[in-house]
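Okay, structure first, notes after.
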Amino acid sequence: MFPFCVKWKNKQTRKSDLSNQGIGIDLGIKTFAFTSDHEEFKNINKTKHVRSIEKRLKREQRSLSRKYETIKKLKNERW
Numbered sequence: 001m002f003p004f005c006v007k008w009k010n011k012q013t014r015k016s017d018l019s020n021q022g023i024g025i026d027l028g029i030k031t032f033a034f035t036s037d038h039e040e041f042k043n044i045n046k047t048k049h050v051r052s053i054e055k056r057l058k059r060e061q062r063s064l065s066r067k068y069e070t071i072k073k074l075k076n077e078r079w
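Quick note on numbering: the UniProt record's numbering labels position 9 of the sequence shown as 9, and the sequence is numbered without any gaps.
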């Protein structure tokens, strides 16, 4: 599973702004997306805040797993 975020700018377009040109989007690791009109979107999954949240989540999941295994073991010993 690869989580991603899409940033959409809702701009009012006029008929004079429309053209028949295509748009190219380059998806990468360092930058999330780089469009053909030189607009760059940062990869939010690489920020310090997101990494710290993921680290805390892993720690809490391990803790919960250990608690579950301990309870499971105790129930088996009683019966």
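Glycine included, each C-beta is placed from N, C-alpha and C at the ideal position. It should be emphasised that the depicted structure is a prediction, and the values quoted were computed from it without experimental measurement.
Just to confirm before moving on: does the CB-CB distance between residue i and residue j stay below 9 angstroms?
i          : j          : result
residue 35 : residue 28 : no
Over the uninterrupted alpha helix (DSSP H) stretch that includes residue i, give me the two end residues.
i          : result
residue 53 : 48-78
Residues in its own chain within less than 6 angstroms of residue i by CB, not counting five upstream and five downstream?
i          : result
residue 46 : none
Could you please give the first and the last residue of the uninterrupted beta strand (DSSP E) stretch that includes residue i?
i          : result
residue 42 : 40-42
residue 26 : 25-27
Might you give, ordered along the chain, the residues of its own chain that have their beta carbon closer than 7 angstroms to the beta carbon of residue i, omitting 5 neighbours on each side?
i          : result
residue 41 : 7, 31, 32 and 33
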